[in-house]
Amino acid sequence: MLEVRLGSYRRALGEVLVELGRELRDLVVLDADTPKSTGSIAFAEAFPERFINVGISEQDLVSMAAGLAIGGKVPVATAFAAFLMRAWEQVRNTVARMGLNVKLVGTHAGLSAHLDGASHQVLEDIALMRALPNTTVIAPADAEAVKELIRQAVTEVCGPTYVRLGRDNAIPVYRRGEVRNLRVGHVNVIEDGEDAVIFAHGPMVGVALAAARILKHSEGLSVGVVDAHTIQPLDTDAVVKLAKRANLAVTLEEHRPVGGLGSAVAEVLTSSKVSTPLLRLGVGKAFGASARSYWDLLRYAGLSPEEVARRVGGALT
Amino acid sequence: MPWHVESSLSAINIIAALYGFWVPAGVREGIERLVVISKGHCSLALYSWLVEMGALSDAELRTFATPSSRLQAHPEAGRVPGVITSTGSLGQGLSIANGLAMAARLDGIRREVAVLLGDGELDEGQVWEAAATAATLRLDNVVAVVDRNGFQHTGRTEEVKVKEPLRSRWEAFGWHVIEVRQDVGRIAAALEEASKIVGKPVAVIVVSDGGA
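Keeping their order, the protein sequence lines are chains P and H. Residue numbers for the first sequence follow our numbering, so the first one is -3 and each next one is one higher. Residue numbers for the second sequence follow our numbering, so the first one is 12 and each next one is one higher.
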């Protein structure tokens, strides 16, 4: 079992918010009484006058961020992703409908809150946010990617944006400096491969790389790995091109197999008449569960590198 | 075509006081005064007012609620004069007003934000999330105007979901409260009074005759 030392998405979030706070006077950060958990506490300490804790009220959080955006500010609202989703209708009816420049950052997404269990482990957020027009949806692979992609989301993307982060389960993918290649809206090909290509986001990029190594050593298979961090707008041209080249396309995500990257890729491949078979791997349970470690939970969900390698290998034979 | 006529009728005095007196008085005093119409279904009151003021033509009013008209059933920001936020989903306007008020504080701008709430709308929990936020942040540049007409979609407000004691509820949340009868002059005076309150947000409760 590969159990590498994990990085922290939320610490990276705090660091990049502080950096951006220094550069952008209009940046305002809001949280729903979870700054110690989301990492936004770092910004709160650096810029107390530009930090608003609205208390445990996610609907108020999102609508107040909308008001700040109408007032010319650049609001970043941070909260647990699971509970940010209770404000989906606020996102739809104000933020998306008006195309407001509000950045929503949901932490503890996917299986990352391994101890908390089903209530906290949101597996549907990408489906919900991707359904909204004009809304950019990003899930960075690791801590370095968080810093680069949140920087781009704040400084280059103007409009509704949802950034999906885990907690302290960032499987390291990029070395510092390598993330400069990442561009919102474009996939990043980390490894080429002809037998299969795995499109993944968030911590599953690291799992995909580990699974590709297993398949190479055990079965001599050449498996490509693509960081599809921007789920919306999806880099459709690249997805079609990469899928056409391989014998099998795979999507891998800490999300329900419905509505996430798997669905997005399936939609593109279908409408582009790509005949490459698609294997969609997501959390193989309806809801999450409490586990003593992140790796235990990945095994429970069928998303450990060994299990992913087994399923990809099986689909190729 | 019936479209929330009662709700528009009870809001028309408030619309007139806000757009006819409060906003222009702010212009004269160098205060940016913005209105958030949280009970967006009273759009006909706003559109009728705009026709009265010559900002919309009678002919355009007749395009109301047709797909290519800018006069949608619920008002849309940027398409209708005086509308700064698209509404239609109840309960969100006060939070938006708080954000606008907070942005002004950060920018050092003299801005006051009025938000028009229905009394039925107060069933939405988010209104009270936002009421607590405004009090916590001492947003004395926010004024909530509650259209206390005593009715909501199904019937009398007190039969659907109890609102009273309404004054005490707002006071308990840390708001200064002004109650006023349905009269344009009195509502306008209450709004001016609200502007002078320091350290607290203000709720102006406009009570209709025959209402609660």
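From the three backbone atoms N, C-alpha and C, an ideal C-beta is built for every residue, glycine too. As the structure is a prediction and not an experimental result, all values here were calculated from the model.
- H:K174 places its beta carbon less than 8 Å from that of H:D130.
- In the structure shown, the three-state DSSP call for H:F32 is helix.
- Within chain H, no C-beta atom comes less than 9 Å from the C-beta of P:M81; the nearest is roughly 15 Å away.
- The beta carbon of H:S206 is closer than 7 Å to those of E123 in its chain, skipping five residues each way along the sequence.
- H:L117 has a beta carbon lying within less than 8 Å of a beta carbon in chain P.
- For P:V308, the uninterrupted alpha helix (DSSP H) run begins and ends at P301 to L312, by DSSP.
- Neighbours of H:S68 in chain P, taken as residues whose beta carbon is under 8 Å from its own, are absent, since the nearest beta carbon is some 26 Å off.
- Its chain contains T90, V91, L96 and V98 as the residues whose beta carbon lies nearer than 7 Å to that of P:A62, once the 5 sequence neighbours on both sides are disregarded; these appear in chain order.
- If you compare the alpha carbons of P:H182, P:A311 and P:S218 with that of P:K237, the shortest gap goes to P:H182.
- In summary, the residues of the region 38 to 56 of chain P whose CB is separated from some CB of chain H by less than 8 Å are E45, R46, I48, V50, G51, S53, Q55 and D56, in the order they occur in the chain.
- Contact between the region 208 to 223 of chain H and the region 147 to 161 of chain H is present: three or more C-beta pairs spanning the two stretches fall below 8 Å.
- Contiguous beta strand (DSSP E) elements confined to the region 200 to 281 of chain P occur at 219 to 223, 226 to 228, 244 to 248 and 274 to 277, taking only those with 3 or more residues.
- Scanning its chain for C-beta atoms nearer than 6 Å, with the 5 sequence neighbours on each side dropped, one finds around P:L119 the residues H251, R252 and V279, in chain order.
- Annotation: P:T103 to H:G51 spans about 33 Å, alpha carbon to alpha carbon.
- Shown here is that no member of the region 200 to 222 of chain P has a Cβ falling below 7 Å from a Cβ of chain H.
- Here P:R126 is buried. Its C-beta has 16 or more other C-beta atoms within 10 Å.
- Rounded to whole angstroms, the gap between the alpha carbons of P:Q55 and P:A242 is 44 Å.
- The beta carbon of H:L128 is closer than 8 Å to those of S49, K50, G104, L105, V138, A155, V156, V157 and D158 in its chain, skipping five residues each way along the sequence.
- Minimum Cα-Cα distance from H:T147 among the listed residues P:A73, P:N49 and P:Y158 corresponds to P:N49.
- With 16 or more other CB atoms across the displayed protein chains lying within 10 angstroms of its CB, P:I186 is buried.
- The region 128 to 135 of chain P and the region 146 to 160 of chain P touch, with no fewer than 3 CB-CB distances between them shorter than 8 Å.
- When Cβ-Cβ separations below 8 Å define contact, P:G67 makes contact with chain H.
- Here P:A61 is not bridged, per DSSP, to any residue.
- Less than 8 Å separates the beta-carbon of P:A204 from that of P:V221.
- In the structure shown, P:N49 falls within a strand segment according to DSSP collapsed to helix, strand and coil.
- For P:S218 and P:G189, the gap between their C-alpha atoms comes out near 5 Å.
- If you compare the alpha carbons of P:G298, P:L145, P:R88 and P:P44 with that of P:V58, the shortest gap goes to P:R88.
- Under the 8 Å criterion on CB atoms, P:A166 is classed as non-interfacial with respect to chain H.
- Counting along the chain, H:K211 sits inside no beta strand (DSSP E), nor does DSSP assign it H or E at all.
- Cβ neighbours of H:E43 within its own chain (closer than 6 Å, five residues either side excluded): R122.
- In the three-state scheme derived from DSSP, where H, G and I count as helix and E and B as strand, P:E41 is classed as helix.
- Taking every protein chain shown into account, the CB of P:M81 has 16 or more other CB atoms within 10 angstroms, so this residue is buried.
- Comparing C-alpha distances from P:A123 to each of P:S214, P:V201, P:G256 and P:L299 shows the shortest one belongs to P:G256.
- With the rule of 3 Cβ pairs closer than 8 Å, the region 135 to 146 of chain P counts as touching the region 161 to 173 of chain P.
- Those residues of the region 90 to 111 of chain H placed with their C-beta closer than 9 Å to a C-beta in chain P are I95, T96, S97, T98, G99, S100, G102, Q103, G104, L105, S106, I107, A108, N109, G110 and L111, ordered along the chain.
- Within the region 96 to 174 of chain P, complete beta strand (DSSP E) segments of at least 3 residues are found at 99 to 103, 132 to 134 and 157 to 160, given in chain order.
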